[in-house]
Each structure stands twice: as structure tokens, then as C-alpha cells.
Amino acid sequence: MPNDNARGDFLEALRLSRRLTQMQVAEAIGVSQAALSKAESGAELDDEKWVQLADLLGVPVEAFFRVTSSAAPARIFHRKLKSTPKTSLNKIAADLALVRLRVKNLLGRQPTTLHRHELEDGFVTPQEVAQRVRDELQLGTDPIDDLVAVLEDAGAVVLRWPLESIRVDAVASWQEDEIPVILIGEHVPADRQRFTMAHELGHAVMHETEATPEQEGEADAFAGEFLLPAARLLKDWPSLVTFEALMSLKRKWGLSLSALIRRGLDAGLLSEADYRTWSIRLSTTGMHRQEPEPSRRENPVALASAIQNFLNAGASVEDLASRAYMYPREFELTFLQEIS
Ligand SMILES: [Zn+2]
Numbered sequence: 006m007p008n009d010n011a012r013g014d015f016l017e018a019l020r021l022s023r024r025l026t027q028m029q030v031a032e033a034i035g036v037s038q039a040a041l042s043k044a045e046s047g048a049e050l051d052d053e054k055w056v057q058l059a060d061l062l063g064v065p066v067e068a069f070f071r072v073t074s075s076a077a078p079a080r081i082f083h084r085k086l087k088s089t090p091k092t093s094l095n096k097i098a099a100d101l102a103l104v105r106l107r108v109k110n111l112l113g114r115q116p117t118t119l120h121r122h123e124l125e126d127g128f129v130t131p132q133e134v135a136q137r138v139r140d141e142l143q144l145g146t147d148p149i150d151d152l153v154a155v156l157e158d159a160g161a162v163v164l165r166w167p168l169e170s171i172r173v174d175a176v177a178s179w180q181e182d183e184i185p186v187i188l189i190g191e192h193v194p195a196d197r198q199r200f201t202m203a204h205e206l207g208h209a210v211m212h213e214t215e216a217t218p219e220q221e222g223e224a225d226a227f228a229g230e231f232l233l234p235a236a237r238l239l240k241d242w243p244s245l246v247t248f249e250a251l252m253s254l255k256r257k258w259g260l261s262l263s264a265l266i267r268r269g270l271d272a273g274l275l276s277e278a279d280y281r282t283w284s285i286r287l288s289t290t291g292m293h294r295q296e297p298e299p300s301r302r303e304n305p306v307a308l309a310s311a312i313q314n315f316l317n318a319g320a321s322v323e324d325l326a327s328r329a330y331m332y333p334r335e336f337e338l339t340f341l342q343e344i345s
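This note's numbering puts the last residue of the sequence shown at 345; the count rises by one with no breaks.
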């Protein structure tokens, strides 16, 4: 379905992704800010201005004449974003929207086995949603060996992305009929990455808009149940909670020690007092920052290998980059990061 303002949205997303204001761009190409603003809303500009814009924003000029789907800014779920600078926030939303647009052009329509689930004003709990999503993904109640692989198999696109600037671990976007996209911060330690991804998955399937503090709690509850179902937690929880017992749970379920004691508290298996004692122990020993036996890092591979398959089948990097409205160099840096 061609979008009315595909070109304007693309222009705006590129500008925000490059952290430029309308004024800066307007001055650089010699038009008024009003004219640029109108162009972002769909108005025409002289061809020569599109050439200047392409140079300034670092994309081939044909992109502006070929783009047909919208790169309207993605909704991002994350309350911590409220305290981050608007330009950083806009940049990430624009990056997500551009990834969505580019991936759609590269892969076409890709079915996803994920579904949305309503919490129905409290009649359904996040834990129940987690169980349903586990069922949909045919995970049973067993430990999830590689969560990134599970999400990629479900049709989501996962990429490592520089998110340090907004101090969040991951962002996700899942618009109607689109491929779910999850960007994981490059700075996130492997031990925290699984919980973070499960948390974002929870937002994506349960929530529509920017998260409230209550929804943050729901996403955490979803993540806990998704990674370690209560039915199994009750069986596996040690009668005597020792460090070694927790480490053995960590190895089996791939949850960090801090997430495990939280899970124990929430399930009523660990008392408030014991939870506090363990928290203090993890933090005084520095283990809350760097845990012993860090989990194996899960790396996204699906998108890079789909691209590699195109290359093996005879497509050139130039062709693929052009499909993604990019120059080859940026295309490689963005989408072939896990290959090389
Ligand atoms: Zn969140």
C-alpha cells in the first residue's frame, strides 16, 4: 500500500537520525525552514534541492524518488526515555523507523508467529500472557537456550545498536502488519541481555503506547515468567538458598543472580529479609555489576545471514544497499555487522 507521505516521512527520519534540526537542514540547502517543514509533510521541492538533501543526509538521491512506505517515527516503549534529551530520543525513534523500512524492502513481508495480547484491564495477568506467548512459540516450559534465536525464528529482526546515548538497554517497535524490530544496546552485558529482550518482547505483545511505570512492572513480570515459568521455578527452587544453588539455577535458566532473587521474591519463595540480604551481598561483592560465570552472549544472525544468502545468490552489496536506500559502506556497517 503506497503511503501518501512516504518521501516526507523518509526525509524527516533521515534528518532526525543524523541529529539535525529543520533549521540546520534548511540553511544548508538554501530554503526556508517553512519550505523544509512542508517538504517533510509531502510538498514538492526542486530536483536540485533533493540532490542537495541527499548529499547532506548521506543517501543516494534516487532513494527520495523510490521510497513508497512510511518511515514515520516508531513508538518506543520505555519510561526512562522521558529523562533523556529530545534529540537522542528522536534519533532512536528515527533509527528504528528506518531499520523497519529498510528491512521490509530487503526481506519483503515476513510472517511473524508473535501475536498481541490484551491484559483486559487486569483480567489477564502478564504472567498468563507470557505462558501464551511461550505456547505460541512452542517453547513448553523448558529453559530457553538462545532467546535471540527464538525471536529471530518468530520473524523478528534483532540488531545490536549504539544505545549508550539514551542509557537504555533495548528498544522495540512493532507496528501493525510490520516486522517486529528490536535494537539491543551494544553496551549491555550478556547477563542482562536476556531479561532486557524478554522485557521488550513483553511490551511489544502487551502494550500500545509509551510505557507507564505500571506497564514497566508488567513487562518485568512478563519477562520473569517467560524466562523461568513459575511452575518450574517452584520445582527448581532450592530448599536451602546458597550461592552455589543460585549459580546452578543461573546456569540452567540463563537468568542473572539479581533477576533470580527478584523472581524468588515475587514468587514468595524468598522472604523480603532474605531478598535484601542477597541484594546487599551481590552489591557489596560487585556481583550486581559483573556476575561470576557470565552467560554466553547471544548474537543476532538471521538478518545478516539472509543478506549473505542474497549475496551468495548473485546480488551485489550495491544492489542491496540501494534497496535499503543507503550507500554500500553504511549498509555494510549497519546490516552486515555480525558477518565479517
Ligand atoms: Zn520497559
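The beta-carbon is built from N, C-alpha and C at its ideal position, and this holds for glycine as well.
Residue interval of the alpha helix (DSSP H) (run including residue i)
i, result
"A40", "Q38 to E45"
"G115", "Sequence inspection shows Gln at residue 115; the Gly mentioned does not correspond to that position. Unbroken run through Q115: none, as it is neither H nor E."
"Y280", "E277 to T289"
"G319", "Neither: G319 is in no alpha helix (DSSP H) and is coded neither H nor E."
"L62", "D52 to L62"
"F128", "That residue, F128, is in no alpha helix (DSSP H); it is neither H nor E in DSSP."
"T201", "A195 to M211"
"Q220", "P218 to L232"
"Q29", "Q27 to I34"
"S355", "Here the chain covers residues 6 to 345 and nothing more, so residue 355 does not appear."
"T339", "P333 to F340"
"S263", "L262 to D271"
"G13", "A11 to S22"
"S253", "F248 to W258"
"E298", "Unbroken run through E298: none, as it is neither H nor E."
"D158", "L152 to D158"
"R237", "A235 to D241"
Bridge partner(s) assigned by DSSP for residue i
i, result
"R165", "I189"
"S178", "V186"
Alpha-carbon spacing of residue i relative to residue j, whole angstroms
i, j, result
"V56", "Q115", "33 Å"
"A159", "E53", "44 Å"
"E298", "E323", "42 Å"
"T289", "L245", "22 Å"
"P305", "L61", "31 Å"
"V138", "N10", "35 Å"
"I285", "S170", "29 Å"
"A177", "P243", "35 Å"
"L41", "L156", "39 Å"
"T117", "D151", "18 Å"
"A77", "Q136", "32 Å"
"T201", "T92", "23 Å"
"L233", "G269", "11 Å"
"N110", "S261", "37 Å"
"S300", "V129", "32 Å"
"I344", "A39", "In this predicted model, I344 has a pLDDT of only 45, less than 50, meaning its place in the structure is not dependable; the value taken from the coordinates is given anyway. Going from the Cα of I344 to the Cα of A39 covers about 43 Å."
"K240", "L251", "14 Å"
"R24", "V30", "10 Å"
"P333", "D279", "55 Å"
"D126", "V186", "27 Å"
"G259", "P148", "8 Å"
"R172", "L188", "13 Å"
"L164", "A320", "22 Å"
"G145", "G63", "47 Å"
"R20", "A329", "16 Å"
"Q313", "F340", "10 Å"
"T26", "F69", "19 Å"
"E277", "L254", "20 Å"
"A226", "E219", "11 Å"
"R121", "A209", "8 Å"
Check: residue i C-beta below 6 Å from any heavy atom of ligand 1
i, result
"E230", "no"
"A203", "no"
"A224", "yes"
"E219", "no"
"A216", "yes"
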